[in-house]
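**Student:**
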Amino acid sequence: MKKTYVLALALGSVLLCGAVSASELAVRWERLRAEQPRLTARDAASNLGVSEAELLATGIGQGVTRLREGELVPREIMRRALDLGPVMALTRNDYGVIERTGVATRLKAQEQVTGLDADKDQEREARLRNIAGGYLGGPIDLRFTFRNWKHAFAVAQPGKDGVISRSLQFFDGQGNAVHKLYVKSEAGTAMFDQMVAEFRHPQQQAPLQITAAPVRAPERPDSAIDVQEYRLAWQDMNDVHQFNRLLGEFGVSREQAMRLAPAGAARAIAPQAVRQLLEQAAQQQVEIMAFLGNEGTIQIYSGKIGKVQEAGGWFNVLDPQFNLHLRDNAFRSAYVIRRAGVTSVDFYDQRGDLVVSFFGVRAPGKPQPQSWLDLTAALPQAPGTAGQASLQASR
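Under mature numbering (1 follows the signal peptide of the UniProt record, and there is no 0), the letters of the sequence shown match residues -22 to -1, 1 to 373, in that order.
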C-alpha cells in the first residue's frame, strides 16, 4: 500500500512538472513577445529552444485547437479548405517566406494515364497523389508532399489590431511549419468553425510526438560522379521537370549539380543579386514565377511585382495580394541556369539548401520573353568566377 502511494505521488510529480514546464514555456513566450513584438513564431521558438509546433501547442484551449493526425488527414483538410473562399497562403523555409492572397481554384478533369510514355505517366500519378482537389496554377498555387505533414492546428486568436485571425497551421515531424492558411473573409468563418469541429483531435492535451531531424547524408565528392555522363544527360533533358530525376540518377545534390553542369548551363552569380533581379523585374514589369518551399510544400507566385524594399534584414516584395520576404544575407551561392531551353535563377543558403527559384512567365509552347532573358543576363557574376563561361541571352 505504501509503495503504491509513493508511486502515485511520484507519477503526480512527473505530471505536475510536465504541466509546469508547458506553463512556463507559455509565460516565457509571452514575455518574449512583449520584448520583441515583431519576432516571428519561428524565430521565437528557436530563441526558446523548442519547435514552433510545441510553442503553438501552449495555446491549446485558448484559441488553439489541435487537429487530427494521420496519413490522409492533411489532404482531406486542404481539400475542404477550398470552401473557405479568400485565403492567405503562407509557406516558408529558414530564409524565405512567400504569402499569396486569393481564392484557390478547383481542379479540372485530369488527363488520363495513356500508357504511351511511362515516365510522364509515372510523374502524373505522383502529382495526383500530392494534390488536394485544387491549388494548381491559380492564385493559390501549391505543391504538396503530404507524407511530411505530421501535426495540424486551427488557430483563432486576436491579432495586433484586436480582430480575430483564423488560420490552419501544419507542421512536420520536427515541429517546423510546412504551410499556413489564413481565412480572409467573414463568409469563411462558418466553414472554418465547421472544419475545426470535424477535424478536432480527441486528445487535445496529448504530448506532441516531435522527432529529431534526420541526419543529412554527406554530399558525394565530385570525383565520385560520372561527370561526363551527367553532363550528357543534362543536355538530353527536354523538360525542366526531369531535373529532379537527374539528381537522383547521378546522386548529386542540387547545388553540386550547378557546379558540375555543362559549360554555359549554370553561371554563378553574386548571391545578393536577388535584389537586382526583383528591383529590375518591378521597374520593367517583367512577369516572374517565384518558387519557395520546404520539405512539405512548395508555393508558387506568377505575375508582375510592384513595391520592393529592404526592411529589418529582409529584402521584400510588398504588394497587396503578394508578399515575398528573403533574408538574403544568409545566401551563399546563386546561379543563372539553362535547362531544356528554359532559363531560371536559384539562390542557396549556407548549407547548400535551395531557398528560392525564379523563372520568367511564358505562355505554353511559346519562347521565353526576351525581357526575362535580358534581365537574367545582366545579373552580376559571382566574385572570383570572371573566367566562367556565361550564358547566352537567347531564345
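Every residue gets a Cβ at the ideal spot worked out from N, C-alpha and C, and that includes glycine.
Please report how far the alpha carbon of residue 122 lies from the alpha carbon of residue 353, in whole angstroms.
**Tutor:** Cα to Cα, residue 122 sits roughly 30 Å from residue 353.
**Student:** Within its chain, find whatever has a CB closer than 6 Å to the CB of residue 303; leave out the 5 residues flanking it on each side and keep chain order.
**Tutor:** Closer than 6 Å at Cβ, skipping near neighbours: 75, 292, 294.
**Student:** If we call anything under 7 Å between Cβ atoms a contact, is residue 325 one with residue 266?
**Tutor:** No; because the gap between Cβ atoms is not below 7 Å, this pair is not in contact.
**Student:** Is the distance from the Cβ of residue 55 to the Cβ of residue 182 below 7 Å?
**Tutor:** In this structure, residue 182 does not lie closer than 7 Å to residue 55 by Cβ.
**Student:** Give the DSSP-derived three-state secondary structure of residue 43 in the structure shown.
**Tutor:** Correct three-state label for residue 43: strand.
**Student:** Quick check on DSSP: helix, strand or coil for residue 136?
**Tutor:** The answer is strand: DSSP assigns residue 136 an E or B state.
**Student:** I need the straight-line Cα distance from residue 312 to residue 332, nearest angstrom please.
**Tutor:** Near 9 Å, if we compare the C-alpha coordinates of residue 332 and residue 312.
**Student:** Measuring alpha carbon to alpha carbon, tell me which of 210, 279, 307, 348 ends up nearest residue 68.
**Tutor:** The shortest C-alpha separation from residue 68 is found at 279.
**Student:** Inspect the CB distances between the stretch 15 to 31 and the stretch 153 to 172 and report whether three or more fall short of 8 Å.
**Tutor:** Yes, since at least three Cβ pairs between the stretch 15 to 31 and the stretch 153 to 172 fall closer than 8 Å, the two stretches touch.
**Student:** Excluding the 5 residues flanking residue 200 on each side, which residues of the same chain have their C-beta closer than 8 Å to its C-beta?
**Tutor:** Closer than 8 Å at Cβ, skipping near neighbours: 234, 237, 238.
**Student:** If we require 4 or more residues per run, which alpha helix (DSSP H) segments fall completely within the stretch 229 to 275?
**Tutor:** DSSP runs (the alpha helix (DSSP H)) wholly in the stretch 229 to 275: 232 to 237, 251 to 262.
**Student:** Can you round the beta-carbon distance between residue 60 and residue 78 to whole angstroms, since I take them to be within the 8 Å contact cut?
**Tutor:** In fact, because the Cβ distance is near 15 Å, the residues do not count as touching under 8 Å.
**Student:** Which partner residues does residue 179 have in the DSSP bridge list?
**Tutor:** Answer is none; residue 179 lacks a bridge partner.
**Student:** List the endpoints of the continuous beta strand (DSSP E) containing residue 322.
**Tutor:** It spans 320 to 327 - the beta strand (DSSP E) in which residue 322 sits, taken as one unbroken run.
**Student:** Taking the beta carbon of residue 297 as the centre, do at least 16 other beta carbons fall within 10 Å, making it buried, or is it exposed?
**Tutor:** Buried.
**Student:** Please report how far the alpha carbon of residue 17 lies from the alpha carbon of residue 222, in whole angstroms.
**Tutor:** Taking the straight line joining both Cα atoms gives about 35 Å.
**Student:** Do you know how far the Cα of residue 70 is from the Cα of residue 259?
**Tutor:** Taking the straight line from one Cα to the other gives about 22 Å.
**Student:** Just to confirm, is the Cβ distance from residue 52 to residue 170 under 7 Å?
**Tutor:** Cβ atoms of residue 52 and residue 170: not closer than 7 Å.
**Student:** With distance defined between alpha-carbon atoms, name the residue in 111, 270, 219, 255 nearest to residue 349.
**Tutor:** Residue 349 has its Cα closest to that of 255, out of 111, 270, 219, 255.
**Student:** Flag this pair as yes or no: are the beta carbons of residue 273 and residue 126 separated by less than 7 Å?
**Tutor:** For residue 273 and residue 126, yes; Cβs fall inside 7 Å.
**Student:** Confirm, please, whether the CB-CB distance from residue 36 to residue -1 is below 7 Å.
**Tutor:** Contact flag set, yes.
**Student:** Kindly indicate which residue of 314, 363, 62, 330 has the alpha-carbon position closest to the one of residue 356.
**Tutor:** Of the candidates 314, 363, 62, 330, the one whose C-alpha sits nearest the C-alpha of residue 356 is 314.
**Student:** Give the range of the alpha helix (DSSP H) segment to which residue 127 is assigned.
**Tutor:** First-last for residue 127: undefined, no H or E at that position.
**Student:** Helix, strand or coil, according to DSSP, for residue 211 in the structure here?
**Tutor:** Correct three-state label for residue 211: helix.
**Student:** Could you work out which residue in 257, 173, 196, 310 is closest to residue 246 when comparing CA atoms only?
**Tutor:** Taking only the C-alpha atoms, the option nearest residue 246 is 310.
**Student:** Give me the Cα-Cα distance between residue 359 and residue 252, rounded to the nearest whole angstrom.
**Tutor:** Going by the C-alpha atoms only, they are around 12 Å apart.
**Student:** May I have the straight-line CA-CA distance separating residue 217 from residue 187, to the nearest angstrom?
**Tutor:** Answer to the nearest angstrom: the Cα atoms are 40 Å apart.
**Student:** In whole angstroms, what separates the C-alpha of residue 45 from that of residue 262?
**Tutor:** Approximately 45 Å, taken between the alpha carbons.
**Student:** So residue 269 and residue 334 are supposed to be a Cβ contact under 8 Å. How far apart are they, rounded?
**Tutor:** Correct: roughly 7 Å between the Cβ atoms.
**Student:** Whole-angstrom Cβ separation of residue 143 and residue 159, contact assumed at under 8 Å?
**Tutor:** Wrong, their Cβ atoms sit about 12 Å apart, outside the cutoff.
**Student:** May I have the straight-line CA-CA distance separating residue 308 from residue 21, to the nearest angstrom?
**Tutor:** The straight-line gap from Cα to Cα measures roughly 15 Å.
**Student:** Just confirm the distance between the C-beta atoms of residue 327 and residue 72, as a whole number of angstroms; I'd bet it's less than 8 Å.
**Tutor:** With a Cβ gap of about 7 Å, residue 327 and residue 72 count as contacting.
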